[in-house]
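S.K.: Please see the structure below; I have some questions.
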Amino acid sequence: MSGIHADRRHFLKFVAGTGLLATTAPSVLAACGGSSQSGAVTSLAAGTNPIVDRGAIRIGYLPITDASPLLVAHATGALTNEGFAADSPVLFRSWADLVEAFQAEQVDVVHLLMPLAVQLRFGAKLPVKVVAWNHTNGSALTAAERINSVSDLAGETVAIPFWWSIHNVVLQKLLRANGLTPIIAGDASRSDGTVKLVVVPPADMVPALASGSIAAFIVADPFNALAEVKDAGKILRFTGDVWRDHACCVTVVSENFLASGAEKGQGLVNALAASQLAIADDRSAAAAILSDGGYLPQPLAAIERALTHYATEEYFESGAIVNREWSSERIGFQPFAFPSYTEKLVSSLKETLIDGDSSFLSALDATTVHSELVADGLARAAIEANGGLERFRLASFERVETIAP
Amino acid sequence: MIVRPDSSRKEILRRIGARLVALVASLGIWWLASSVIWSANPVISNIGPGDAIPALWDGLLDGDLVSDLGSSLTRLSIGLAIAFIVGLPLGLALGSNRLLEDASTPIVNFLRMISPLAWAPIVIVAFGIGDVPVLFLIAITAVWPIALGTAAGVKAVSPALKELAESLGASRRERLRFVTSPVVEANVLTALRLALGVAWIVLVPAEMLGVDSGLGYAILNARDQLDYSALGGGVLLIGITGFVIDALFRRLFRVDPRISM
Chain A
1 MSGIHADRRH
11 FLKFVAGTGL
21 LATTAPSVLA
31 ACGGSSQSGA
41 VTSLAAGTNP
51 IVDRGAIRIG
61 YLPITDASPL
71 LVAHATGALT
81 NEGFAADSPV
91 LFRSWADLVE
101 AFQAEQVDVV
111 HLLMPLAVQL
121 RFGAKLPVKV
131 VAWNHTNGSA
141 LTAAERINSV
151 SDLAGETVAI
161 PFWWSIHNVV
171 LQKLLRANGL
181 TPIIAGDASR
191 SDGTVKLVVV
201 PPADMVPALA
211 SGSIAAFIVA
221 DPFNALAEVK
231 DAGKILRFTG
241 DVWRDHACCV
251 TVVSENFLAS
261 GAEKGQGLVN
271 ALAASQLAIA
281 DDRSAAAAIL
291 SDGGYLPQPL
301 AAIERALTHY
311 ATEEYFESGA
321 IVNREWSSER
331 IGFQPFAFPS
341 YTEKLVSSLK
351 ETLIDGDSSF
361 LSALDATTVH
371 SELVADGLAR
381 AAIEANGGLE
391 RFRLASFERV
401 ETIAP
Chain B
1 MIVRPDSSRK
11 EILRRIGARL
21 VALVASLGIW
31 WLASSVIWSA
41 NPVISNIGPG
51 DAIPALWDGL
61 LDGDLVSDLG
71 SSLTRLSIGL
81 AIAFIVGLPL
91 GLALGSNRLL
101 EDASTPIVNF
111 LRMISPLAWA
121 PIVIVAFGIG
131 DVPVLFLIAI
141 TAVWPIALGT
151 AAGVKAVSPA
161 LKELAESLGA
171 SRRERLRFVT
181 SPVVEANVLT
191 ALRLALGVAW
201 IVLVPAEMLG
211 VDSGLGYAIL
221 NARDQLDYSA
231 LGGGVLLIGI
241 TGFVIDALFR
251 RLFRVDPRIS
261 M
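Residue numbers (this note's numbering), protein chains in the order written: chain A, 1 to 405; chain B, 1 to 261.
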């Protein structure tokens with residue numbers, strides 16, 4: 001019981017802290033401003049006084065830690081500080097539900113798997129824009145106890161959350177690098193080195209692994225942490241250890257939303273960036289908000305583990321983390337969408353097996369997708385307004401993609 | 001084909017005409033909903049008759065929907081067979097033993113009122129994903145109508161008729177063969193038809209439990225692929241197939257539709 005009280009105190013302190021951060025950041029910025037550059041930033045920055053009325057905003061999300069920045073932005077009032085009247089975020093149970101509600105304009109802001117955003121924009125030809133990365137990494141390949149390496153997956157079934165996902169992309173890279181062939185239909189065979197992929201709702205993955213009907217699953221946290229906490233499986237490899245600081249879920253809005261005035265897009269990304277910093281500054285407190293606030297249904301232990309438990313000896317020894325020198329995080333929080341990632345993702349998607357019509361991909365030029373799909377200037381400004389690159393553990397607005405399956 | 005006493009050529013034409021009018025009207029409402037009322041909705045506007053019917057045709061031509069239909073019908077048959085193997089003896093026992101029936105009625109009524117989908121989480125924990133949970137859900141849906149229908153059939157055999165047969169010197173076997181069986185058989189067939197209907201309804205959501213084929217999977221995957229016309233095509237195929245298997249069943253076993261449902 002005292003734990004709960006401690007959490008609540010923590011929570012209040014946390015909210016107060018982020019509130020302070022969001023309201024003082026611009027004044028500090030204005031105080032040290034003076035150059036024309038930071039002046040331009042100030043006009044876009046968080047909580048400019050007087051606050052612009054940016055109207056109502058409706059958030060749709062799935063119950064995974066990937067949604068944290070949006071949820072914490074609601075919980076801590078970061079959205080209110082930006083002049084939004086934020087409704088309680090609406091929980092959806094599947095990507096299909098979420099995308100349908102988004103298309104029907106029942107929600108304004110959603111977090112979507114980056115490949116799903118590509119599919120929405122170029123496959124379904126809907127006017128959607130990626131305004132920020134929700135987070136980096138945050139997923140893992142979790143396997144049954146009897147599986148000790150990726151090559152042990154020959155002849156087994158592995159669950160993925162969605163065909164259009166970074167999970168599917170990374171898993172297939174891992175399998176191919178280990179000489180295995182992913183298959184969609186039929187049965188996997190150990191002698192042929194085939195691995196059957198099957199789409200399973202994340203909430204069903206842990207029980208399916210525990211019952212032995214799948215050998216592994218690759219999905220966002222906290223389901224990996226949940227499997228660890230419940231002794232249903234172990235982390236075979238973190239996805240962020242395969243593709244360094246990859247994006248997974250991105251924040252998506254419609255072009256209508258961006259065009260509806262009051263710099264709504266900038267306000268949203270500012271709030272998101274403030275929320276990401278708040279989470280990164282006190283991850284345990286963020287876990288408490290997500291759990292106590294009723295945003296995520298999973299046990300606090302799993303959520304906290306998903307946010308905090310990474311660079312430990314156990315993972316170095318087990319091989320869950322091979323690239324120790326990357327000094328990545330289990331889940332990282334920064335809003336900037338790197339163009340190099342979009343390009344690499346699109347070219348990777350072209351090599352990825354998907355049970356569906358992916359013919360539109362062949363006509364896509366990987367180098368031009370980013371400029372059409374992503375409004376990355378918003379995150380650039382939000383980072384400047386929230387303390388600059390270093391505050392977000394970034395070195396530059398450019399990078400080279402590192403993939404080591 | 002059941003020939004109704006009053007049916008004449010004219011009567012048949014009248015019926016066909018009425019059905020055609022209803023069909024055209026339904027298509028009209030469907031078109032109105034998808035292409036006029038919700039024409040701005042990016043999801044519903046893609047599920048109109050002009051999208052779904054070609055999508056169904058394409059799916060059948062390229063064989064994807066045919067193999068999905070095959071998997072679904074296989075699962076339906078196996079699930080129903082399990083339900084029959086369990087339900088028939090259960091129904092016979094319940095119908096012929098008063099004490100057993102009194103004792104188990106509350107339990108049976110409790111179990112049959114649980115939505116098969118409410119079992120899904122438990123089934124996944126117990127059996128994992130794949131074919132087994134789907135078969136379980138179909139079987140547990142279909143077993144109750146079969147058991148209760150059989151029990152009702154056994155009880156429907158008039159005691160007077162049994163006594164009459166006995167007094168005429170019919171042996172136990174003869175009584176079962178000529179008195180009990182015909183009555184029970186009609187009831188079992190009606191129960192089976194009912195079970196077939198509910199099993200088909202449950203099959204589609206059950207196939208969303210991590211299988212890689214079947215009409216339920218086709219619909220789920222069409223949603224994930226944002227391919228809403230294929231989704232419409234899948235829904236059409238489910239409805240048409242359900243209609244056809246019910247009609248075939250009636251024809252094969254000569255179940256009179258007027259007394260069955």
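From the three backbone atoms N, C-alpha and C, an ideal C-beta is built for every residue, glycine too.
Identify whether Ala170/B lies in helix, strand or coil by the three-state DSSP scheme.
M.R.: Your numbering for residue 170/B matches position 170 in the second sequence. If DSSP states are grouped into helix, strand and coil, Ala170/B belongs with coil.
S.K.: Determine contact between the region 148-158 of chain B and the region 178-187 of chain B, defined as no fewer than three beta-carbon pairs at a distance below 8 Å.
M.R.: yes
S.K.: Considering Cα atoms alone, identify which of Val369/A, Thr308/A, Asp187/A, Ala273/A is closest to Ser284/A.
M.R.: As a position in the first sequence, residue 284/A is number 284, starting the count at 1. The shortest Cα separation from Ser284/A among Val369/A, Thr308/A, Asp187/A, Ala273/A belongs to Thr308/A.
S.K.: So, do the region 141-160 of chain A and the region 209-218 of chain A have three or more beta carbon pairs nearer to each other than 8 Å?
M.R.: yes
S.K.: My guess is that Ala199/B and Ile146/B are in contact by the Cβ rule of under 8 Å, so how many angstroms apart are they, rounded?
M.R.: Counted from its first residue, the second sequence places residue 199/B at position 199. Counted from its first residue, the second sequence places residue 146/B at position 146. At roughly 10 Å, the Cβ-Cβ gap does not stay under 8 Å, so Ala199/B and Ile146/B are not in contact.
S.K.: So, for Arg54/A: in the same chain, excluding its five sequence neighbours on each side, which residues have a beta-carbon less than 6 Å away from its beta-carbon?
M.R.: The count along the first sequence starts at 1 and reaches residue 54/A at position 54. Excluding sequence neighbours, Arg54/A sits near Gly83, Phe84, Ala262, Lys264, Gly267.
S.K.: Are the CB atoms of Gly319/A and Leu209/A nearer to each other than 9 Å?
M.R.: Here residue 319/A refers to the residue found at position 319 of the first sequence. Here residue 209/A refers to the residue found at position 209 of the first sequence. Not a contact, by the Cβ cut-off of 9 Å.
S.K.: Out of curiosity, what's the CA-to-CA distance linking Val28/A and His246/A?
M.R.: Within the first sequence, residue 28/A is the residue found at index 28, counting from 1. Within the first sequence, residue 246/A is the residue found at index 246, counting from 1. At Val28/A the pLDDT is 36, less than 50, meaning the model places this residue with poor confidence; the figure from the coordinates comes in the next sentence. Approximately 32 Å between the Cα atoms of the pair.
S.K.: At a CB distance below 7 Å, what residues from the region 38-62 of chain B approach chain A? Give them in sequence order.
M.R.: Asn41, Pro42, Val43
S.K.: Return the residues of the region 100-124 of chain A that lie within a Cβ-Cβ distance of less than 8 Å from chain B, sorted by chain order.
M.R.: Glu100, Gln103, Ala104, Gln119, Leu120, Gly123, Ala124
S.K.: So, helix, strand or coil for Trp200/B, using DSSP?
M.R.: Residue 200/B sits at position 200 when you count from the first residue of the second sequence. DSSP places Trp200/B in helix when its eight states are reduced to three.
S.K.: Report the residue from Ala274/A, Arg244/A, Pro299/A, Leu272/A whose alpha carbon sits nearest the alpha carbon of Glu228/A.
M.R.: For this step, residue 228/A is matched to residue 228 along the first sequence. Ranking the options by Cα distance to Glu228/A, first place goes to Pro299/A.
S.K.: What do you get for Ser139/A, buried or exposed, if any count of 16 or more other CB atoms within 10 angstroms of its CB means buried?
M.R.: Start at 1 with the first residue of the first sequence, and residue 139/A comes out as number 139. It counts as buried.
S.K.: Based on the DSSP output, what are the partners of Trp60/A in its beta bridges?
M.R.: Counting from 1 along the first sequence, the entry for residue 60/A is found at position 60. In the sequence under discussion, the amino acid at residue 60/A is Gly, which differs from the Trp named in the question. Note: Gly60/A sits in a beta bridge opposite Val90/A, Val110/A.
S.K.: Mark Glu314/A as exposed unless 16 or more other C-beta atoms lie within 10 angstroms of its C-beta, in which case mark it buried.
M.R.: The residue labelled residue 314/A in the question sits at position 314 within the first sequence. By the neighbour-count rule (16 or more Cβ atoms within 10 Å), Glu314/A is not buried but exposed.
S.K.: Can you give me, in chain order, the residues of the region 183-208 of chain B that have a beta carbon less than 7 Å from any beta carbon in chain A?
M.R.: none
S.K.: For chain B, find out if any of its Cβ atoms is closer than 9 Å to the Cβ of Val200/A; answer yes or no.
M.R.: The residue you call residue 200/A lines up with position 200 of the first sequence. Closer than 9 Å to some Cβ of chain B, the Cβ of Val200/A qualifies, so yes.
S.K.: What residues in the region 118-151 of chain B bring their beta carbon closer than 9 Å to a beta carbon of chain A?
M.R.: Per Cβ criterion, the list reads Ala120, Pro121, Ile124, Val125, Ala126, Phe127, Gly128, Ile129, Gly130, Val132, Pro133.
S.K.: Can a CB atom of chain A be found closer than 9 Å to the CB of Ser35/B?
M.R.: Sequence index remark: in the second sequence, residue 35/B carries index 35 (1-based). Not an interface residue.
S.K.: Does Gln106/A pass the burial test, meaning 16 or more other C-beta atoms within 10 Å, or should it be called exposed?
M.R.: Here residue 106/A refers to the residue found at position 106 when the first sequence is read from its first residue. Gln106/A comes out exposed.
S.K.: Chain A partners of Asn221/B, CB-CB under 9 Å?
M.R.: Within the second sequence, residue 221/B is the residue found at index 221, counting from 1. By Cβ distance, chain A contributes Trp163, Val199, Asp355, Gly356.
S.K.: Tell me, please, which residues DSSP counts as bridged to Asn331/A.
M.R.: Locating residue 331/A in the first sequence gives position 331, counting from the first residue. According to the sequence as given, residue 331/A is Ile; it is not Asn. The partner list for Ile331/A (beta bridge, DSSP) reads Asn137/A.
S.K.: If you reduce the DSSP assignment to three classes, tell me which class Ile138/B lands in.
M.R.: Locating residue 138/B in the second sequence gives position 138, counting from the first residue. Reduced to three states, the DSSP call for Ile138/B is helix.
S.K.: Does the beta carbon of Ser213/B sit closer than 9 Å to a beta carbon anywhere in chain A?
M.R.: Against the second sequence, residue 213/B aligns to sequence position 213. Yes, because at least one Cβ of chain A sits closer than 9 Å to the Cβ of Ser213/B.
S.K.: Spatial neighbours of Arg399/A within its chain, please: C-beta separation below 7 Å, excluding the five flanking residues on both sides.
M.R.: Counting from 1 along the first sequence, the entry for residue 399/A is found at position 399. Non-local C-beta neighbours of Arg399/A in its own chain, meaning closer than 7 Å and more than five positions away in sequence, comprise Phe338, Ser340, ordered along the chain.
S.K.: What residue does the alpha helix (DSSP H) around Phe238/A start on, and which one ends it?
M.R.: In the first sequence, counting from the first residue as 1, residue 238/A sits at position 238. It is not in any alpha helix (DSSP H) - Phe238/A instead sits in the beta strand (DSSP E) that spans 234-238.
S.K.: Does Ala259/A get closer than 9 Å to chain B when you measure Cβ to Cβ?
M.R.: Numbered from 1 along the first sequence, position 259 holds the residue referred to as residue 259/A. Output row for Ala259/A: interface = no.
S.K.: So is Lys234/A buried or exposed if we call it buried at 16+ other beta carbons inside 10 Å?
M.R.: Along the first sequence, one-based indexing puts residue 234/A at 234. Buried, because 16 or more other Cβ atoms sit within 10 Å of the Cβ of Lys234/A.
S.K.: According to DSSP, what are the bridge partners of Phe217/A?
M.R.: Residue numbering aside, residue 217/A sits at position 217 when the first sequence is read from its first letter. Paired residue(s): Thr142/A, Ala159/A.
S.K.: Quick one: using the 10 Å Cβ neighbour count with 16 as the cut-off for buried, is Glu329/A buried or exposed?
M.R.: Mapped onto the first sequence, residue 329/A falls at position 329. Around the beta carbon of Glu329/A, 16 or more other beta carbons sit within 10 angstroms, so the residue counts as buried.
S.K.: Sorry if obvious, but does the Cβ on Leu76/B come closer than 8 Å to a heavy atom of the ligand COA?
M.R.: Judged by which ligands are present, the structure shown has none, so any question about the ligand COA falls away.
S.K.: Would you identify the three-state DSSP class for Lys162/B, choosing helix, strand or coil?
M.R.: For the purposes of this step, residue 162/B is taken as the residue at position 162 of the second sequence. Lys162/B: helix per DSSP, three-state reduction.
S.K.: Report the partner residues of Ser254/A according to the DSSP bridge assignment.
M.R.: Against the first sequence, residue 254/A aligns to sequence position 254. Its beta-bridge partners are Val128/A.
S.K.: Within the 9 Å Cβ cut-off, does Leu373/A reach chain B?
M.R.: Counted from its first residue, the first sequence places residue 373/A at position 373. Using a CB distance cut-off of 9 Å, Leu373/A does not count as an interface residue toward chain B.
S.K.: Helix, strand or coil for Val108/B, going by three-state DSSP, please let me know.
M.R.: Against the second sequence, residue 108/B aligns to sequence position 108. Here Val108/B sits in helix by DSSP.
S.K.: Considering just the uninterrupted stretch of the beta strand (DSSP E) at Lys196/A, what are its terminal residues?
M.R.: Locating residue 196/A in the first sequence gives position 196, where the first residue counts as 1. 194-199 is the extent of the beta strand (DSSP E) around Lys196/A.
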